[in-house]
Amino acid sequence: MPRPAARKLPVEKIGVGLVEDDAPFRAYLGTVLAASGRYALAAEAGSVEAALAWPARRPLAVLLLDIALPGRTGSQAVGDFLAARPALKIVMLTGRDGDEPLLAAIRGGAAGYLLKGASSEEIVEALDDVLAGGAPMSPGIARRVLALLREPEKKAGGEAALAALSPREREVLALVAEGCADKEICARLGVTRSTVKNHLTAIYDKWRVRSRTQAALRFVKVTGK
């Protein structure tokens, strides 16, 4: 059976992929994206298996991925999507906050979380945030994740991880862990946005993490803050 042709995106629209088994909710998200003026649904599927078969040429910048899908769950498949598309930003869709799926998705490289009850404005804001280098996550989920990871790493390992960073990189990471966006970090440290991004890239490389979410959560574990 031939694969369906890739969607043709309107000019200058940002392509979003959607993996969600609830067809009405999938249609609602498609409507929200179309009404945003800057995003467009580039690919959609009702399962991980179908989404992983999408042609590589489909222009996806962000993936909205349901955390609890029939068959293989979204939290289990984050790594596979990133292996196929390393630059992809993945935002998990969830209606609840079970501990293990949350941690599995973050450890796999998910950039953030979005509650299914979010308003259309919050959905678009989350997409804007993740593309700007942020980590969209509702306060309730953020508190739960941070509580789960609050236990510090073993002293020697934590000290070594911090020692690998420059003083400025530690300053940037501390602000990221507070939830600051790049613009706020620039204002507080008196540096340019490109400088912040360079520091974050260096942190990712030294700590072997994929996203600011993973870096921030490890910082919390290392410092116990």
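Heads up, the sequence shown is in our numbering, so the first residue is 43 and it goes up one at a time.
We put the CB at the ideal spot given by N, CA and C, even for glycine.
(1) According to DSSP, is residue 131 part of a helix, a strand, or is it coil?
(2) Are the CB atoms of residue 219 and residue 258 nearer to each other than 8 Å?
(3) Just how far apart, CA to CA, sit residue 96 and residue 121?
(4) Go ahead and label residue 225 buried or exposed: buried means 16 or more other beta carbons lie within 10 angstroms of its beta carbon, across all protein chains shown.
(5) From residue 217 to residue 229, what distance separates their C-alpha atoms?
(6) At which residue ranges does the stretch 69-107 contain complete beta strand (DSSP E) runs of 3 or more residues, listed in the order of the chain?
(7) Whole angstroms is fine: what's the gap from residue 264's alpha carbon to residue 161's?
(8) Determine the direct distance from the alpha carbon of residue 54 to that of residue 104, and round the result to whole angstroms.
(9) Taking the alpha helix (DSSP H) that residue 238 belongs to, which residues open and close that run?
(10) Taking only three categories from DSSP, how would you classify residue 165?
(11) Identify which residue in 231, 215, 58 and 248 has its Cα closest to the Cα of residue 80.
Inspection of the coordinates gives the following:
(1) Here residue 131 refers to the residue found at position 89 of the sequence shown. If DSSP states are grouped into helix, strand and coil, residue 131 belongs with the strands.
(2) As a position in the sequence shown, residue 219 is number 177, starting the count at 1. As a position in the sequence shown, residue 258 is number 216, starting the count at 1. The answer is yes: Cβ separation under 8 Å.
(3) As a working mapping, residue 96 is identified with position 54 in the sequence shown. As a working mapping, residue 121 is identified with position 79 in the sequence shown. Using only the alpha carbons, I get a separation of about 16 Å.
(4) Locating residue 225 in the sequence shown gives position 183, counting from the first residue. Per the 10 Å Cβ criterion, exposed.
(5) Residue numbering aside, residue 217 sits at position 175 when the sequence shown is read from its first letter. Residue numbering aside, residue 229 sits at position 187 when the sequence shown is read from its first letter. Residue 217 and residue 229: Cα-Cα distance of roughly 11 Å.
(6) 81-87
(7) Numbered from 1 along the sequence shown, position 222 holds the residue referred to as residue 264. Numbered from 1 along the sequence shown, position 119 holds the residue referred to as residue 161. Answer to the nearest angstrom: the Cα atoms are 35 Å apart.
(8) The sequence position of residue 104 within the sequence shown is 62, counting from 1. The sequence position of residue 54 within the sequence shown is 12, counting from 1. Roughly 15 Å separates the two Cα atoms.
(9) Counting from 1 along the sequence shown, the entry for residue 238 is found at position 196. Where residue 238 is concerned, the enclosing alpha helix (DSSP H) stretches over 235-249.
(10) Residue mapping note: residue 165 aligns to position 123 of the sequence shown, counting from 1. Helix, per DSSP.
(11) As a first step, residue 80 is located in the sequence shown; it is residue number 38 there, counting from the start. Considering only alpha carbons, the answer is 58.
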